[in-house]
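In this note's numbering, the protein residues as written are 461 to 640.
Glycine included, each C-beta is placed from N, C-alpha and C at the ideal position.
One structure is given here, and the rest of the page talks about it.
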Amino acid sequence: MSIVDLQLKARRLGEIRLGDTVTRDGKTYPISLDTFRLTSVAKGLLDQAAKLWGGKVVPWQASEKSAAKWQLVTDTSELPVYVAPQDPDSVTWYESWTAGGLQRRCDGESIVNRGGEVLPCVCDPENRECRMVTRLQVMLPDLPDVGVWTLSSTGFYAASEIAMSIQIVMKSAQVTGALP
461 MSIVDLQLKA
471 RRLGEIRLGD
481 TVTRDGKTYP
491 ISLDTFRLTS
501 VAKGLLDQAA
511 KLWGGKVVPW
521 QASEKSAAKW
531 QLVTDTSELP
541 VYVAPQDPDS
551 VTWYESWTAG
561 GLQRRCDGES
571 IVNRGGEVLP
581 CVCDPENREC
591 RMVTRLQVML
601 PDLPDVGVWT
611 LSSTGFYAAS
621 EIAMSIQIVM
631 KSAQVTGALP
């Protein structure tokens, strides 16, 4: 029997990123990549990924305050993944971030603040200061560890399509007994 009020979650192994940043004239800009970029604190996993999908593992740090990590820009535009079990209603949120971290998260009507309190959303629906963020949890079955990789997107189509795709995959798994 499990603890009733304990929220279970899979161990996070790293992130799958669709872009990177470049610095020009002292300013940092986001860029899109044609291949995937993996980041993780587990260098060994990225070494294995490099053998499978190409690229070179190099040190990486998201910001001065963040922990040191490793990154791999792969040579592939396709990765074999399994969609991890997850609540489709919890993959997309409006979020407000500052240098101090996540300030609030909402569904467009209600905020869940840093303390877990539920309050009415403060954003103007026509001019939101929060950004739409979608996070998909996947497993990379070719890598030798148990856990999930997070793929995040701030795009409209990811937000509108990924949750439904998860529902389709989970329903298919219920009917067939296997994840596609």
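Item: Pick out the complete beta strand (DSSP E) segments inside the segment 514-574, 3 residues or longer, and give them in chain order.; Value: 517-520, 529-533, 552-558, 561-566 and 570-573
Item: Determine the burial state of residue 616: buried for a count of at least 16 other Cβ atoms within 10 Å of its Cβ, exposed for fewer.; Value: exposed
Item: On the CB-based measure, 16 or more other CB atoms within 10 Å of its CB, does residue 491 come out buried or exposed?; Value: exposed
Item: Any contact of the segment 589-609 with the segment 543-563, i.e. 3+ C-beta pairs under 8 angstroms?; Value: yes
Item: Between which two residues does the beta strand (DSSP E) holding residue 467 run?; Value: Segment: none, residue 467 is in no beta strand (DSSP E) and carries neither H nor E.
Item: Using alpha carbons as the reference points, say which of 511, 533 and 538 lies closest to residue 603.; Value: 511
Item: State whether the segment 464-476 contacts the segment 606-615, with contact taken as three or more CB pairs (one from each stretch) at a distance under 8 angstroms.; Value: yes
Item: If you count every other CB in all the chains shown that lies within 10 Å of the CB of residue 509, and 16 or more means buried, which is it?; Value: buried
Item: What beta strand (DSSP E) runs, 3 residues minimum, are completely inside the segment 481-506?; Value: 487-500
Item: Going by the CB atoms, is the gap between residue 618 and residue 551 shorter than 7 angstroms?; Value: no
Item: In terms of alpha-carbon separation, which member of 564, 542 and 502 lies closest to residue 581?; Value: 564
Item: Between the C-alpha atoms of residue 521 and residue 484, what's the straight-line distance to the nearest angstrom?; Value: 18 angstroms
Item: Looking only at its own chain, which residues have a Cβ that is under 8 angstroms from the Cβ of residue 497, when we skip the five neighbours before and after it?; Value: 476, 477, 478, 479, 480, 531, 532, 533 and 534
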